[in-house]
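Numbering (the working numbering), first residue to last: -18 to 217.
The beta-carbon is built from N, C-alpha and C at its ideal position, and this holds for glycine as well.
This structure is a prediction, so every number in the text was calculated from the model and none was measured.
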């Protein structure tokens, strides 16, 4: 595990941080197989922003769950900096997910009883970061996301745009190499959606991360470096 995490920390801009091949995911409903992902794949490079598009129900979120190590594919391979994560036990997968992958969802998923700064601190505390250091980094991220003035507010006291900006800050808490975003602006009005997406692109590029984001909005997809699609369950 230490070797894998160390190697991930050494990747340079342009290096492949994720490689997906012949990805498959099958569920069983009513005793019958339901083939959501049927094959195909892609490479994701450090410093690259890639949009994932496809019709509703095509498997975009399922793909993100698999490459984000929240679900296991039924077939194929997922390599993170050359390491075959599908062969790892759950502890190893959890460590890589916590340390090297950040998530932004359509709904902010902030914990309602915690303040903005506490929500951003939590991923760092889970990784054993000192509380004072975690708070200092959380405040830095909230300032970068233009919501530092809401640091002591709970989500219910914040606007939708402020909540999603806080969620972006939380996703960057552990300085991940890979950021996965599932319709990150889908629940926002156009004004806030544009602002949050601008923030995402700015922070990802400044930190030289790799980002894969799902969207139905081709205007947003066109701002990516590259677009991949899912057609009939095939990742192209």
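Ignore the nearest five residues each way along the sequence and tell me which others in residue i's own chain have a CB closer than 6 Å to its CB.
i, result
"residue 143", "128 and 131"
"residue 2", "22, 57 and 58"
I'd like the list of long-range same chain contacts for residue i, defined as Cβ closer than 7 Å, with 5 residues on each side in sequence excluded.
i, result
"residue 134", "96 and 97"
"residue 210", "34, 35 and 217"
"residue 141", "168, 169 and 173"
"residue 84", "49, 152 and 161"
"residue 163", "42, 45, 86, 87 and 195"
"residue 100", "91, 92, 147 and 151"
"residue 115", "102, 105 and 106"
"residue -5", "26, 27 and 28"
"residue 176", "142"
Which residues does DSSP pair with residue i in a beta bridge?
i, result
"residue 77", "Bridge partners of residue 77: none, in fact."
"residue 7", "16"
"residue 212", "215"
"residue 192", "30 and 160"
"residue 101", "In DSSP, residue 101 forms no bridge with anything."
"residue 2", "58"
"residue 21", "216"
"residue 65", "60"
"residue 207", "31"
Would you kindly report the start and end of the unbroken alpha helix (DSSP H) that includes residue i?
i, result
"residue 185", "171 to 187"
"residue 142", "141 to 152"
"residue 119", "112 to 125"
"residue 201", "199 to 202"
Throw me the rounded Cβ distance for the residue i and residue j pair, which I believe falls under 8 Å.
i, j, result
"residue 148", "residue 92", "Contact flag wrong, Cβ pair sits at about 11 Å."
"residue 32", "residue 205", "4 Å"
"residue 207", "residue 29", "7 Å"
"residue 136", "residue 89", "7 Å"
Mind checking which residues open and close the beta strand (DSSP E) that includes residue i?
i, result
"residue 58", "56 to 61"
"residue 40", "From DSSP, residue 40 is part of no beta strand (DSSP E); its letter is neither H nor E."
"residue -5", "Residue -5 -> no beta strand (DSSP E), and no H or E assigned at all."
"residue 95", "Unbroken run through residue 95: none, as it is neither H nor E."
"residue 135", "Counting along the chain, residue 135 falls outside any beta strand (DSSP E), and DSSP gives it neither H nor E."
"residue 83", "82 to 85"
By Cβ distance, which residues of its chain are closer than 8 Å to residue i, with the 5 residues on each side in sequence left out?
i, result
"residue 214", "16, 17, 18, 19, 20, 39 and 40"
"residue 126", "146, 147, 149, 150, 180 and 184"
"residue 54", "4, 5, 6, 18, 47 and 67"
"residue 65", "58 and 59"
"residue 178", "165, 166, 201 and 204"
Does the structure place the segment -1 to 9 close enough to the segment 179 to 187 that three or more beta carbon pairs sit under 8 Å?
no
Any chance the segment 17 to 31 sits against the segment 185 to 200, with 3 or more Cβ pairs inside 8 Å?
yes
Cβ pair count under 8 Å reaching 3, the segment 162 to 176 against the segment 56 to 65:
no
Determine contact between the segment 109 to 119 and the segment 68 to 79, defined as no fewer than three beta-carbon pairs at a distance below 8 Å.
no
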